[in-house]
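Here is the structure we will look at, set down as structure tokens.
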Amino acid sequence: MPSDAGYVNSIRSYFSVNAQLEPHCIFQPHTASDVASAVKALTASGPSCKFAVRSGGHTTWAGASDIEDGVTIDLSLMNSTVYNKDAGTASIHAGSRWQEVYKALEPHGVTVPGGRGGPVGVGGFLIGGGITFHTARVGFACDNVENFEVVLASGEIVTANKDHHKDLFKALKGGSINFGIVTKYDLKTLPLEKLWGGVVAYDSSTSSQHISAAHKFIDNLHKDPYASWIGMWAYDSKTSQHSIGTALEYTKPESYPAAFEDFYKIPNVTDTVRIDGMYNLTRELAQAPGLRNVFMTGTYVNKKEALEHTVDVHKEAIDEAKSKAQSNSWSMITIIQPWPKLFMEQSRKRGENVLGLERFDENFFQVLFDYAWDNEADDALFHRLASTYLENLNTYAKSIGADNEYIYLNYADKTQNPLRGYGEKNLEFMRRVARQYDPSGVFQHQVPGGFKLNSA
Numbered sequence: 430m431p432s433d434a435g436y437v438n439s440i441r442s443y444f445s446v447n448a449q450l451e452p453h454c455i456f457q458p459h460t461a462s463d464v465a466s467a468v469k470a471l472t473a474s475g476p477s478c479k480f481a482v483r484s485g486g487h488t489t490w491a492g493a494s495d496i497e498d499g500v501t502i503d504l505s506l507m508n509s510t511v512y513n514k515d516a517g518t519a520s521i522h523a524g525s526r527w528q529e530v531y532k533a534l535e536p537h538g539v540t541v542p543g544g545r546g547g548p549v550g551v552g553g554f555l556i557g558g559g560i561t562f563h564t565a566r567v568g569f570a571c572d573n574v575e576n577f578e579v580v581l582a583s584g585e586i587v588t589a590n591k592d593h594h595k596d597l598f599k600a601l602k603g604g605s606i607n608f609g610i611v612t613k614y615d616l617k618t619l620p621l622e623k624l625w626g627g628v629v630a631y632d633s634s635t636s637s638q639h640i641s642a643a644h645k646f647i648d649n650l651h652k653d654p655y656a657s658w659i660g661m662w663a664y665d666s667k668t669s670q671h672s673i674g675t676a677l678e679y680t681k682p683e684s685y686p687a688a689f690e691d692f693y694k695i696p697n698v699t700d701t702v703r704i705d706g707m708y709n710l711t712r713e714l715a716q717a718p719g720l721r722n723v724f725m726t727g728t729y730v731n732k733k734e735a736l737e738h739t740v741d742v743h744k745e746a747i748d749e750a751k752s753k754a755q756s757n758s759w760s761m762i763t764i765i766q767p768w769p770k771l772f773m774e775q776s777r778k779r780g781e782n783v784l785g786l787e788r789f790d791e792n793f794f795q796v797l798f799d800y801a802w803d804n805e806a807d808d809a810l811f812h813r814l815a816s817t818y819l820e821n822l823n824t825y826a827k828s829i830g831a832d833n834e835y836i837y838l839n840y841a842d843k844t845q846n847p848l849r850g851y852g853e854k855n856l857e858f859m860r861r862v863a864r865q866y867d868p869s870g871v872f873q874h875q876v877p878g879g880f881k882l883n884s885a
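Mapping of the sequence shown onto this note's numbering: residues 430 to 885, in sequence order.
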């Protein structure tokens, strides 16, 4: 209840301040049976009794995993990870955060393909697809789920896998919160004790060298799928400084692998690269909570001109923010990541999902506009900047044949429609599965948060 310390702590633990709503009450279950009991009680109260489901609470927009006039089911107390050596899997409860998962698995010399930011929640990440350090070798995180434990709208607890509830198993691999509440995931493990990686910082004057290196890296990732690169073009109002950062990760304990040779040639300011474990490396990539945030994202064909224009609009957005922002502290980061056809090929090898990426046979890159600020008065400004300059980028990409309809759900803003980018065939499949497992439409109407099939 609002007067309880646990209520306040739950709300404050959401990553983004502008995503923090105040429900009538927060329910924190310990088991799948607790979740089932809650769902039965809430659905019995009728369709006007709205509720939300929260795993890690890392989505930046209000209403994604919380609710104003209703009940929030906060899964954060369901956070255990158990390694099943004989099965080669890890059983991970949906309220876990990835840093906890990696810490639990490291003593066993294994890991799972999961989030790259330690505090990100397991639940939403996996049912949204999930890009990882390992995607070039084993597909998306959802492709490595062997079993889902799911509470349906009826309150029934089922297990969905390749042998049982096969359609539900496929639909949950990217279909988000449209079918039920996943309470536990069994993920395939990978042997990994240590990897090499860290963050390298550069002066902004090296931008053109980074664009050339990134373009080449994306097209050549198939030559060494152990390599992972994230590029970050940033501006911080506190220092009035533009900068560039790269997260280089190599999923073997080998220092300075040749896969990153073009980035080594660029003079840097500082670096933290070393051989370390997943727990420490993913904590390093964690973003600071407690600010107001917006994410917006798009996917583009790997053309050098499109990469250059991405950086151009990043600078234009910053120039506009400088003259209009009222916040004492704000930052704007444009993140570029590889999304090559190798990802789709590895995904196909591991079975079916609903992401729809099998339609594409080109190397892409993904853009994330990641803006943070501290004054509520700037909410509309930063949302408008992200939307305006993403549309600018989309228009330019279309003019040079570099546009693509796919939108990564885990980075999408509420104004975007990632499910539509999965393709009509997958949309119709998901609608059929939703009708089968949720005939009353509880997860379309009574759970309004997230991206819904009825509005895709």
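Glycine included, every Cβ here is placed at the ideal spot set by N, Cα and C.
Item, Value
"Which value, in whole angstroms, describes the spacing of the CA atoms of Gly674 and Ala663?", "8 Å"
"What is the rounded straight-line gap between the Cα of Gly830 and the Cα of Val730?", "8 Å"
"Using only alpha-carbon positions, find the residue among Phe724, Glu745 and Thr680 that is nearest to Gly543.", "Thr680"
"Measuring CB to CB, does Asn513 end up less than 9 Å from His522?", "no"
"Report the residue from Ala582, Val539, Leu882 and Val783 whose alpha carbon sits nearest the alpha carbon of Pro868.", "Ala582"
"Please give me, in chain order, every unbroken run of the beta strand (DSSP E) with length at least 3 that falls completely inside the region 637–686.", "656–665 and 670–679"
"Return the CA-CA distance between Glu529 and Gly727, expressed in angstroms with no decimal places.", "30 Å"
"With respect to the beta strand (DSSP E) encompassing Lys881, which residues constitute its N-terminal and C-terminal limits?", "Here Lys881 belongs to no beta strand (DSSP E), and DSSP marks it neither H nor E."
"Based on Cα-Cα distance, which residue from Trp658, Gly557 and Met725 lies nearest to Ala815?", "Met725"
"When the Cα atoms are used, what is the spatial distance from Ala643 to Asn447?", "33 Å"
"Could you have a look at Pro542 and say whether DSSP puts it in helix, strand or coil?", "coil"
"How do the region 654–668 and the region 756–769 stand: do at least 3 beta-carbon pairs fall below 8 Å, yes or no?", "yes"
"To the nearest angstrom, how far is the alpha carbon of Lys694 from that of Ser636?", "13 Å"
"Beta-carbon separation of Val792 and Ile647 under 9 Å?", "Checking the sequence, you will find Asn at residue 792 rather than Val. Contact: yes."
"According to DSSP, simplified to helix, strand and coil, what is Ser445?", "strand"
"Once DSSP output is grouped into helix, strand and coil, what is the label at Ser466?", "helix"
"Within its chain, find whatever has a CB closer than 7 Å to the CB of Met859; leave out the 5 residues flanking it on each side and keep chain order.", "Ala600, Gly604, Asn607, Val783 and Leu882"
"Assuming contact is defined by CB atoms lying nearer than 9 Å, are Ile747 and Ile659 in contact in what I supplied?", "no"
"What's the gap between the Cα of Phe554 and the Cα of Asn839?", "7 Å"
"Three or more C-beta pairs closer than 8 Å, one from the region 770–787 and one from the region 696–708: is that the case here?", "no"
"In the structure shown, what three-state DSSP assignment does Tyr851 receive?", "helix"
"Less than 9 Å between the beta carbons of Tyr837 and Gly558, yes or no?", "yes"
"For the region 531–538 and the region 454–470, state whether three or more C-beta atom pairs, one from each stretch, are separated by less than 8 Å.", "no"
"Can you tell me which of Ala841, Pro877 and Gln875 puts its alpha carbon nearest to the alpha carbon of His487?", "Ala841"
"What are the boundary residues of the beta strand (DSSP E) that includes Glu575?", "Val574 to Val580"
"Let me check understanding here. Comparing Cα to Cα, which of Phe577, Val500 and Ser494 lies closest to Gly550?", "Ser494"
"Return the first residue and the last residue of the alpha helix (DSSP H) that Lys552 is part of.", "Lys is not the amino acid found at residue 552; the sequence shown has Gly there. Note, Gly552: alpha helix (DSSP H), Val551 to Ile556."
"Which ranges does the alpha helix (DSSP H) cover as unbroken runs of at least 4 residues, wholly within the region 569–623, from first to last along the chain?", "595–600"
"Taking the CB atoms as reference points, tell me whether Asn573 and Lys617 lie closer together than 9 Å.", "yes"
"Apply the 10 Å Cβ neighbour rule to Gln670 and answer buried if 16 or more other Cβ atoms are within range, or exposed otherwise.", "exposed"
"Going along the chain, which unbroken runs of the alpha helix (DSSP H) with 4 or more residues stay wholly within the region 800–839?", "808–828"
"So that I know if they touch, is there some Cβ in chain D lying closer than 9 Å to that of Arg779?", "Absent from the structure is chain D; it holds one protein chain and no more."
"For Gln457, which residues from the same chain have a beta carbon less than 6 Å from its beta carbon, with the 5 sequence-adjacent residues on both sides left out?", "Asp503 and Leu506"
"Verify whether the separation of the beta carbon atoms of Phe444 and Asn804 is less than 9 Å.", "no"
"Smallest Cα separation from Glu834: which of Asn823, Gly850 and Leu819?", "Gly850"
"In angstroms, rounded to a whole number, what distance separates the CA positions of Leu786 and Pro431?", "43 Å"
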